[in-house]
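Next comes the structure, spelled out in structure tokens:
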């Protein structure tokens, strides 16, 4: 019996490490590439909308960091399902610490004096300064770092509590409702907070640029969360088979019983 429990416990630990790896990798990548704001219309070969609304001119522009963010909140929901709010808090605090660490190392790299030959071989015919470009891209500044970390922690903790509350109300049924519902609320906060702090509070964006870009980012996350619902069920089935019914039931009972 003890041997069996030890093996199952090991599977649980491996699962947590695997999920945390997916969560952390996507969170760090999203934070790094989030500095780029791209035009969705132009990317797909269309002219920008230039739609006049009460928010001002609205084009479909959004941060590149939103592209892989769905994998963060899907993984967060799976961790919440099997490891509860404590599991989500643990990975959220650890991820925030690692993200801050990455920003510090990257910022330090931008301060290093470039090798002359590196500048020379990359300047091309238009005298391109690759070191300036490197610093401009990666030296994202206090605003983006602050906005990213605050929005990340708020959205993750909010997602965990909403997920848990919906599970209680539905008596552990309707996985799609607690996964999608918690995501739609938490990502609404995340989308507006991170861009507001990074580019309005610490930057020079106008209010209409903030609102339209944040709304575009949220709408992408909104529809992606709905479209990826089948992946939630697929992940649950695979994890249940991997852990076995006894351990799966035990983990879900523990997660659901958290205050």
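Residue numbers (this note's numbering): -11 to 247. Ideal Cβ positions, reconstructed from N, Cα and C, are used throughout, including at glycine.
Residue(s) in a DSSP beta bridge with residue 46: 39
Nearest to residue 152 by CA position, among 140, 171, 134, is which residue? The residue with the shortest Cα to Cα distance from residue 152 is 171.
Once you ignore the five residues that flank residue 64 on each side, which residues in its own chain have a CB closer than 7 Å to its CB? 11, 76, 144, 147
Starting from residue 26, follow the beta strand (DSSP E) in both directions and report where the run begins and ends. 25 to 27
Mark residue 57 as exposed unless 16 or more other C-beta atoms lie within 10 angstroms of its C-beta, in which case mark it buried. buried
Which listed residue (173, 72, 13) has its alpha carbon closest to that of residue 86: 13
Take the Cβ of residue 221 as the centre, count every other Cβ of all protein chains shown within 10 Å, and call the residue buried at 16 or more, exposed below. exposed
What does a CB cutoff of less than 6 Å around residue -1 pick up in its chain, not counting 5 residues either side in sequence? Around residue -1: 231.
Range of the contiguous alpha helix (DSSP H) that encloses residue 111: First-last for residue 111: undefined, no H or E at that position.
From residue 224 to residue 95, what does the alpha carbon distance come to, in whole angstroms? 39 Å
Could you spell out where the alpha helix (DSSP H) holding residue 102 opens and where it closes? That residue, residue 102, is in no alpha helix (DSSP H); it is neither H nor E in DSSP.
To the nearest angstrom, how far is it from the Cα of residue 60 to the Cα of residue 150? 16 Å
Minimum C-alpha distance to residue 186 - residue among 167, 154, 164, 127: 127
When burial is assigned at 16 or more other CB atoms within 10 Å of the CB, is residue 79 buried or exposed? Label assigned to residue 79: buried.
Quick one: grab the DSSP three-state call for residue 285. What is shown of the chain runs -11 to 247, which leaves residue 285 out entirely.
Quick one: what does DSSP say residue 158 is sitting in, helix, strand or coil? coil
Report the rounded CA-to-CA distance for residue 3 versus residue 168, giving the unit in angstroms. 22 Å
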